[in-house]
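All remarks here apply to the structure that follows.
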Amino acid sequence: MLLEQGWLVGARRVPSSHYDCRPDDETPTLLVVHNISLPPGEFGGPWIDALFTGTIDPQAHPFFAEIAHLRVSAHCLIRRDGEIVQYVPFDKRAWHAGVSQYQGRERCNDFSIGIELEGTDTLVYTDAQYQQLAAVTRALIDRYPDIANNMTGHCDIAPDRKTDPGPAFDWARFRALVSKETT
1 MLLEQGWLVG
11 ARRVPSSHYD
21 CRPDDETPTL
31 LVVHNISLPP
41 GEFGGPWIDA
51 LFTGTIDPQA
61 HPFFAEIAHL
71 RVSAHCLIRR
81 DGEIVQYVPF
91 DKRAWHAGVS
101 QYQGRERCND
111 FSIGIELEGT
121 DTLVYTDAQY
131 QQLAAVTRAL
141 IDRYPDIANN
151 MTGHCDIAPD
161 RKTDPGPAFD
171 WARFRALVSK
181 ETT
């Protein structure tokens, strides 16, 4: 998997305006794994793209009225079938972590890359998602080597607010897939 000017070659691009520059051109050193489904527990619709691009219709589902005001994004989404959607170039600051802290350092958006997996905390992620997440992570490590030792969940950087990617995410499997190709 290749990166060109912060974008994954071959990923579907859905540019979001919900990002800005990293402070002092900071280099990413952390990967944060998230999950998302919109509406909650439903997969495959247009709603994640709409949320991350600020176009979600609050009338389309009762839950959307609660989130339509949010200005959030992630760098990428990996759908259940393994499709990769990229919203923000990796060298820019996506708005995925919120109030957060990693190893004593606050404002994780400043120095992290956020990847969403289409799913829930308790539903097993697909083989395609693990394969694609590992492939993207290897490409990121090639460009940003510190990520190899800094991969975590949203639940770990914002434990009082977030639970994703949840107990269904197999960290050992993911790390084995990443290290299999990077050693």
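Read the sequence shown against UniProt numbering and you will find it ends at 183, with the numbers running on by one and no gaps.
Each residue gets a CB set at the ideal place from its N, CA and C atoms; glycine is no exception.
- prompt: Which residue comes first and which comes last in the alpha helix (DSSP H) that contains D156?
  reply: H154 to I157
- request: Starting from D81, follow its DSSP beta bridges and name the residues at the other end.
  value: Paired residue(s): none; D81 is not in a bridge.
- prompt: Based on the DSSP secondary-structure assignment, which residues constitute the bridge partners of V32?
  reply: G114 and T152
task: Using beta-carbon positions only, say whether A68 and H34 come within less than 8 Å of one another.
output: no
- prompt: Going along the chain, which residues of its own chain have a beta-carbon closer than 8 Å to the beta-carbon of I147, five neighbours each way excluded?
  reply: P28, T29, L30, L31, I113, T137, L140 and I141
field: Residue range of the unbroken beta strand (DSSP E) whose run includes R93
entry: K92 to A94
task: Answer yes or no: do L117 and P165 have a C-beta to C-beta separation smaller than 8 Å?
output: yes
task: Look up E106 in the DSSP assignment and say whether it is helix, strand or coil.
output: strand
query: Mapping DSSP to helix, strand and coil, what is L8?
result: strand
- request: Note down the Cα distance separating L38 from S179, rounded to an integer number of angstroms.
  value: 32 Å
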